[in-house]
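Data block below; observations after.
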Ligand code: G3P
Ligand code: MG
């Protein structure tokens, strides 16, 4: 297994505001060894840890990320939507996030988002640059994306990095895609996963991770079936974190 049985989704987003440095700290405090975050792109090219393509759900501002500059968003409060205790949280750049995650000693599942406002190339090459500069232990890095072109670019430019494909429903040709892109893992929505897929993916030697599992019985069941890891908003759902 590359990552861990429990991966804190957006940084344990039931316990702290998603995709914040505070959520990474919370992940570390509760003893979860791996975190999943989303990397996204502002209009000025700055890479940020942020899920949506709009500001509205998580901040008091409105607008599309592609229309923002770092100067416009760096002071926005990204924690108050969760609780007043986190009102000091600010949007973090990818660089700030990597720095904090490594200081905490966490493993990282980095999900590369692609929205229609930018191309895979526009986010992949800059993400590679930031990772090349900052990330030290590639054994503790697993990159994932719903976008096949992202994974194709990574396969071409950084063939040694561990990458997994995200799918809502795993397609019939997952094994061919995995071979072509030299993937190490499959990441899927647990609601559509079948027993036969678990069996086949396990037999293939690829890791299998499921998102977003927040019910303890479901998590325990999936792990018992042979799913390698659960991506969850609440890594305490099984009573202990590992
Ligand atoms: O990486 C698993 C999960 O994060 C994928 O969906 O929308 O929560 O980024 P989403
Ligand atoms: Mg994600």
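Numbering (the numbering used here), first residue to last: 96 to 337.
Beta carbons: idealized from backbone N, C-alpha and C, even for Gly.
May I ask whether a heavy atom of the ligand FMN can be found less than 8 Å away from the beta carbon of residue i?
i, result
"residue 181", "Only the ligand G3P and the ligand MG can be found as ligands here, which leaves the ligand FMN out of the picture."
Tell me the DSSP bridge mates of residue i?
i, result
"residue 144", "134"
"residue 124", "According to DSSP, residue 124 bridges with nothing at all."
"residue 172", "185"
"residue 104", "131"
"residue 159", "149"
For residue i and residue j, which I take to be in contact (beta-carbon distance under 8 Å), what is that distance rounded to the nearest angstrom?
i, j, result
"residue 271", "residue 204", "That pair is no contact at about 23 Å."
"residue 173", "residue 184", "5 Å"
"residue 328", "residue 104", "5 Å"
"residue 138", "residue 164", "6 Å"
Which same chain residues end up closer than 6 Å to residue i when comparing Cβ atoms and leaving out the 5 residues on each side of it in sequence?
i, result
"residue 219", "245 and 248"
"residue 111", "117, 118 and 121"
"residue 210", "148"
Report all residues from its chain with a CB closer than 7 Å to the CB of residue i; omit the five preceding and five following residues, and keep chain order.
i, result
"residue 231", "197"
"residue 336", "Note that residue 336 has pLDDT 47, beneath the 50 cutoff, so the model's placement of it is unreliable and no number is given."
"residue 317", "285, 305, 308 and 325"
Report all residues from its chain with a CB closer than 8 Å to the CB of residue i; omit the five preceding and five following residues, and keep chain order.
i, result
"residue 99", "127, 128, 129, 202, 324 and 337"
"residue 189", "134, 142, 143, 144, 222 and 225"
Worksheet entry | Every unbroken alpha helix (DSSP H) inside the segment 258-316 [4 residues or more] | Scanning the segment 258-316 from its first residue to its last, the whole alpha helix (DSSP H) runs of 4-plus residues come out as 269-275 and 290-299.
Per the contact definition of three or more C-beta pairs closer than 8 Å, is the segment 110-130 in contact with the segment 194-210?
The count of Cβ pairs closer than 8 Å, one atom from the segment 194-210 and one from the segment 110-130, reaches three, so the stretches are in contact.
field: Any 3 or more C-beta pairs closer than 8 Å across the segment 285-300 and the segment 315-325
entry: Three or more beta-carbon pairs drawn from the segment 285-300 and the segment 315-325 are found closer than 8 Å, and the two stretches are therefore classed as touching.
Any contact between the segment 210-227 and the segment 136-156? By contact I mean 3 or more CB pairs, one from each, below 8 Å. Yes, since at least three Cβ pairs between the segment 210-227 and the segment 136-156 fall closer than 8 Å, the two stretches touch.
task: Scan the segment 194-243 and note each continuous alpha helix (DSSP H) run of 4 residues or more that stays entirely inside, going in chain order.
output: Here the runs fully enclosed are 215-229.
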